[in-house]
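**Student:** Got a structure for you, questions after.
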C-alpha cells in the first residue's frame, strides 16, 4: 500500500439514500504516499432529480440552483475523478458513505472506478487513537477539527471537507 497515492475525497449529496439521492459535489485532494499534495479537484454536479432531494440535505450542503449553473453532468465529473485518482487509495471521513455513492455512480454510469480497492476511514482512525480520551464525545469531522485546531471555513462543501479530512489524517498519523 505504501506505493499508492492517497485520494482524500468528500462528496455532497441530495440526501442519505444511495439509490434515491444524488451526488451534487465532489472534492478531492490527491497526495503522494508521504502526504505531499499532487492535485486538487472540485466540481459541482448537475442533479437530474432535484425533486427527490431531501430539503434538509440541500440546506446543509448550501444548494442554490444559481451556484450550480454550468455544473457538470455526473458522468463528466466521474471521468475527471477517475483519471485523477487512478490506483490511489480513497480516504474519507465516514468513507463508507462517500464510497457507497461513488461506487453506485461508477457502476450506473459504466465509468470504471480506477481507485485501488483499499479504503481508509478517518472516523475509524480517530476512534482507534482517541476513544479513551474523556474530552472527546463525538467523532464528527466538525468536532475532530475543533479538537485538533483545524480550520474548515466552508463545512459541507466538498473540497473544504476533503481538505479538512486531509489535515485530520495528518494529525491522526502523528499520534
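Numbering (full-length UniProt numbering), first residue to last: 1 to 175.
We treat Cβ as the ideally placed atom computed from N, Cα and C, and that holds for glycine.
Predicted model only: the values in this text are computed from it and were never measured.
#1: For the ligand GDP, any of its heavy atoms closer than 7 Å to the Cβ of residue 114?
#2: Below 8 Å CB to CB, which residues in the same chain sit around residue 152 once its five sequence neighbours on both sides are set aside?
#3: Please state the DSSP three-state secondary structure of residue 163.
#4: Quick one: Cα of residue 115 to Cα of residue 125, how far?
#5: Could you pull out every residue in the same chain whose Cβ sits closer than 6 Å to the Cβ of residue 156, ignoring the five residues on either side in sequence?
#6: Which residues mark the beginning and the end of the beta strand (DSSP E) in which residue 14 is found?
#7: Roughly how many angstroms lie between the CA atoms of residue 21 and residue 154, to the nearest whole one?
#8: Are at least three pairs of beta-carbons, each pair with one atom in the segment 1 to 14 and one in the segment 40 to 53, less than 8 Å apart?
#9: Can you name, in chain order, every residue of its own chain whose Cβ lies under 8 Å from the Cβ of residue 19, other than the five neighbours on each side?
#10: Which residues does DSSP pair with residue 139 in a beta bridge?
#11: Just tell me which of 123, 82 and 119 has its CA closest to the CA of residue 176.
#12: Is residue 56 helix, strand or coil when you go by DSSP?
#13: Are residue 78 and residue 106 touching if we call contact CB-CB under 8 Å?
#14: Go through its chain and collect everything with a Cβ distance to residue 29's Cβ below 7 Å, but skip five positions before and after it.
#15: Which ranges does the alpha helix (DSSP H) cover as unbroken runs of at least 4 residues, wholly within the segment 57 to 142, from first to last along the chain?
#16: Given residue 3, which residues of its chain have a CB within under 8 Å of its CB, disregarding the five upstream and five downstream residues?
#17: Please classify residue 168: does DSSP put it in a helix, a strand, or coil?
#18: Please classify residue 42: does DSSP put it in a helix, a strand, or coil?
**Tutor:** Looking at the atomic coordinates:
#1: By its list of ligands, the structure shown contains no ligand whatsoever, and the ligand GDP lies outside what it can speak to.
#2: Walking along the chain shown from the start, residue 152 turns up at place 152. The residues 141, 142, 145, 160, 161, 163 and 164, in chain order, have a CB closer than 8 Å to that of residue 152 in the same chain once the five nearest residues on each side in sequence are set aside.
#3: In the chain shown, the residue the question calls residue 163 occupies position 163. In the three-state reduction of the DSSP assignment, residue 163 falls in the helix class.
#4: In the chain shown, the residue the question calls residue 115 occupies position 115. In the chain shown, the residue the question calls residue 125 occupies position 125. Approximately 20 Å between the Cα atoms of the pair.
#5: Within the chain shown, the letter at position 156 stands for residue 156. Correct list, in chain order: 60 and 61.
#6: Mapped onto the chain shown, residue 14 falls at position 14. Taken as a continuous stretch (DSSP letters only), residue 14 belongs to no beta strand (DSSP E), as it is neither H nor E.
#7: Along the chain shown, read from residue 1 onward, the residue named residue 21 stands at position 21. Along the chain shown, read from residue 1 onward, the residue named residue 154 stands at position 154. One Cα belongs to residue 21, the other to residue 154, and the distance between them is close to 22 Å.
#8: Note that the segment 1 to 14 touches the segment 40 to 53; at least 3 beta-carbon pairs, one per stretch, sit closer than 8 Å.
#9: Along the chain shown, read from residue 1 onward, the residue named residue 19 stands at position 19. For residue 19, where only same-chain residues beyond five positions count, the Cβ hits under 8 Å are 104.
#10: Residue numbering aside, residue 139 sits at position 139 when the chain shown is read from its first letter. Per DSSP, residue 139 has no beta bridge partner at all.
#11: One cannot answer for residue 176 here, as it falls past the ends of the chain, which runs 1 to 175.
#12: Taking the first residue of the chain shown as 1, we reach residue 56 at position 56. Residue 56 falls in the helix class under three-state DSSP.
#13: If you number the chain shown from 1, residue 78 lands on position 78. If you number the chain shown from 1, residue 106 lands on position 106. Yes. Within cutoff.
#14: In the chain shown, the residue the question calls residue 29 occupies position 29. Answer for residue 29: 8, 37, 40, 162, 163 and 166, listed in chain order.
#15: Runs of the alpha helix (DSSP H) spanning 4 or more residues and lying entirely within the segment 57 to 142 occur at 74 to 84, 95 to 109 and 122 to 130, in chain order.
#16: Position 3 of the chain shown holds residue 3. Scanning its chain for C-beta atoms nearer than 8 Å, with the 5 sequence neighbours on each side dropped, one finds around residue 3 the residues 33, in chain order.
#17: Stepping through the chain shown from its first residue, residue 168 is reached at position 168. Helix at residue 168.
#18: Looking up residue 42 in the chain shown gives position 42. In the three-state reduction of the DSSP assignment, residue 42 falls in the strand class.
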